[in-house]
Amino acid sequence: MFSINSECILSKQSEDIPPFYVMEVLESAKELEAQGRHIIHLEVGEPDFPTAPHICEAACTAIGKGLTKYTHSQGLPALRDAIVESYYRKFGVDLDPNQVIVTSGTSPGLLMVFMALLEKRDEVIMSNPHYACYPNFVKYLGGTPVFVYTSEANGFALEPETVRQCLSPNTKAILINSPSNPGGHVMSPETLQGLAAIADEKRIPIVADEIYQGLIYSGEEHSILEYTKNAFVLNGFSKLYAMTGWRLGYIICPLECVRAIQKIHQNFFICANSFVQEAGIAALNGSQEHVAEMVQIYNMRRQYMLKRLLGMGLEVLKEPMGAFYVLADARKFNNDSLELSRKILNEAGVAVTPGIDFGNGAEGYLRFSYANSLENIAEGMDRLETFLEKELDG
Numbered sequence: 001m002f003s004i005n006s007e008c009i010l011s012k013q014s015e016d017i018p019p020f021y022v023m024e025v026l027e028s029a030k031e032l033e034a035q036g037r038h039i040i041h042l043e044v045g046e047p048d049f050p051t052a053p054h055i056c057e058a059a060c061t062a063i064g065k066g067l068t069k070y071t072h073s074q075g076l077p078a079l080r081d082a083i084v085e086s087y088y089r090k091f092g093v094d095l096d097p098n099q100v101i102v103t104s105g106t107s108p109g110l111l112m113v114f115m116a117l118l119e120k121r122d123e124v125i126m127s128n129p130h131y132a133c134y135p136n137f138v139k140y141l142g143g144t145p146v147f148v149y150t151s152e153a154n155g156f157a158l159e160p161e162t163v164r165q166c167l168s169p170n171t172k173a174i175l176i177n178s179p180s181n182p183g184g185h186v187m188s189p190e191t192l193q194g195l196a197a198i199a200d201e202k203r204i205p206i207v208a209d210e211i212y213q214g215l216i217y218s219g220e221e222h223s224i225l226e227y228t229k230n231a232f233v234l235n236g237f238s239k240l241y242a243m244t245g246w247r248l249g250y251i252i253c254p255l256e257c258v259r260a261i262q263k264i265h266q267n268f269f270i271c272a273n274s275f276v277q278e279a280g281i282a283a284l285n286g287s288q289e290h291v292a293e294m295v296q297i298y299n300m301r302r303q304y305m306l307k308r309l310l311g312m313g314l315e316v317l318k319e320p321m322g323a324f325y326v327l328a329d330a331r332k333f334n335n336d337s338l339e340l341s342r343k344i345l346n347e348a349g350v351a352v353t354p355g356i357d358f359g360n361g362a363e364g365y366l367r368f369s370y371a372n373s374l375e376n377i378a379e380g381m382d383r384l385e386t387f388l389e390k391e392l393d394g
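338 is the number that my numbering gives to position 338 of the sequence shown; each next residue is one higher, with no gaps.
Written out as structure tokens, the structure reads:
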């Protein structure tokens, strides 16, 4: 049979892109489940709650009405209005609906923002640790990620003065994430204000991933848009509204940049799904009681997981106050987080994410997601504790 040598036809970029380890852990876990193993999933950042009924009903109603055609490439006007209203309600920022581009999830949104901003060898400053895919977006477009090694004692957050030291003539953007993945840190107003001052002074935009907005457990939450207009904000419905599979997100960007991103969207994605956009309108304009209940339950799980992890010798120097993750130091057990996560999965039946997925600044750490039931988290913690006791004894 005729075969193709992949080395001859595949781009170097596609060959060199690293795997997304959390997905590989999930896939390995699924293989074990297919063999009859019972696996506790603490790896994936996906809400275990169902999408609220009124959101699902809105999508079904839209399909029933035949609202299944293309929409404006920037998204339905009613959805863009609802997004603008939500930011005004939460943060008091006055936005123009024309600043909003509705996308099929935040990942395409981030790709389009970088497509609009980056030339070859342009630099994007980001924290280390960071969300696993950030540097891959930049590198695939020919840019260069510039990593700022951050302090666990400070929640692995970027600090304005450290960012300032990393600026160069090639700096094209500063990438931030709050509440953050993997550490669950929520940036303070002072930090956001300091970063905004750099953006305005140096005319370097901030790209702010705010997808975990609303998932905080103490204090007030803030958006970068409160402090600067020189920002591209990425947000969506996956986390706060338990709509990961719906693939609905959006970009908020400066008006003068909208046309460029709109043209990219027209060419590569056309528009987000029409009936899913109707569901997004229902999510923002409808009752938020299910969101408040979900956040309360997450907080209970967060407190329980933290107590258990600390009790078994894993270290967390700064309590995570947002998202649904705990990034714990496991170096007393094994400096190789990938090896340790594989052993935990195979021997204890618990799926966790290796810290190396988030950059070498998190090597030796493990990320735990509490987007699972308290019952499952408790079982997972019991199994993990037994495993780690054996590791120390061995």
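Positions of the beta carbon are idealized from the N, C-alpha and C atoms, including for glycine.
{"Asked": "Report the residue ranges of all alpha helix (DSSP H) runs contained in full by the segment 78-127; include only those spanning at least 4 residues, in chain order.", "Found": "106-117"}
{"Asked": "Just curious, the beta strand (DSSP E) that Thr144 is in, first and last residue?", "Found": "144-149"}
{"Asked": "Tell me where the beta strand (DSSP E) around Asp209 begins and ends.", "Found": "206-209"}
{"Asked": "Which residue from Ala153, Pro145, Glu201 puts its Cα closest to that of Ile176?", "Found": "Pro145"}
{"Asked": "For Lys239, which residues from the same chain have a beta carbon less than 7 Å from its beta carbon, with the 5 sequence-adjacent residues on both sides left out?", "Found": "Pro47, Ile211, Tyr212, Leu215"}
{"Asked": "Could you pull the DSSP bridge partners for Phe368 from this structure?", "Found": "Val326"}
{"Asked": "Alpha carbon to alpha carbon, how far is Thr191 from Thr68?", "Found": "43 Å"}
{"Asked": "Among the residues of its own chain, which have a CB less than 8 Å from the CB of Glu57, if the five just before and after it don't count?", "Found": "Ala282"}
{"Asked": "From what residue to what residue does the alpha helix (DSSP H) around Gly311 run?", "Found": "289-311"}
{"Asked": "Taking just the CA atoms, how far does Arg37 sit from Leu384?", "Found": "16 Å"}
{"Asked": "Is it the case that the segment 103-110 contacts the segment 149-163, given that we only count it when at least three CB pairs across the two stretches are under 8 Å?", "Found": "no"}
{"Asked": "Pick from Gly364, Cys166, Ser274: whose alpha carbon is nearest that of Glu315?", "Found": "Gly364"}
{"Asked": "If you follow the beta strand (DSSP E) that Phe232 is part of, which residue opens it and which one closes it?", "Found": "231-236"}
{"Asked": "Going straight from the alpha carbon of Lys65 to that of Ala348, what length do you get?", "Found": "50 Å"}
{"Asked": "Output the boundary residues of the beta strand (DSSP E) element that contains Lys172.", "Found": "171-177"}
{"Asked": "If you follow the alpha helix (DSSP H) that Gly249 is in, where does it begin and where does it stop?", "Found": "Premise fails: Gly249 lies in the beta strand (DSSP E), 249-252, not in any alpha helix (DSSP H)."}
{"Asked": "According to DSSP, simplified to helix, strand and coil, what is Ala348?", "Found": "helix"}
{"Asked": "Since Tyr140 is in the alpha helix (DSSP H), which residue starts that stretch and which ends it?", "Found": "134-140"}
{"Asked": "Contact defined as beta carbons within less than 8 Å: I believe Val100 pairs with Ala272. What is the distance between those atoms, to the nearest angstrom?", "Found": "No, Val100 and Ala272 are not in contact; Cβ-Cβ is about 11 Å, not under 8 Å."}
{"Asked": "Give the secondary structure of Ile39 by DSSP, where H, G and I count as helix, E and B as strand, and everything else as coil.", "Found": "coil"}
{"Asked": "CB Ala199 to CB Thr228, shorter than 8 Å?", "Found": "yes"}
{"Asked": "Taking only the alpha-carbon atoms, compute the straight-line gap between Val148 and Arg164 and give it to the nearest angstrom.", "Found": "10 Å"}
{"Asked": "Let's see if you can read the secondary structure: which residues bound the alpha helix (DSSP H) around Ala282?", "Found": "274-285"}
{"Asked": "DSSP on Pro50, reduced to helix/strand/coil?", "Found": "coil"}
{"Asked": "Relative to the alpha-carbon of Pro77, which residue among Tyr250, Asp393, Leu158, Met187 has its alpha-carbon at the smallest distance?", "Found": "Tyr250"}
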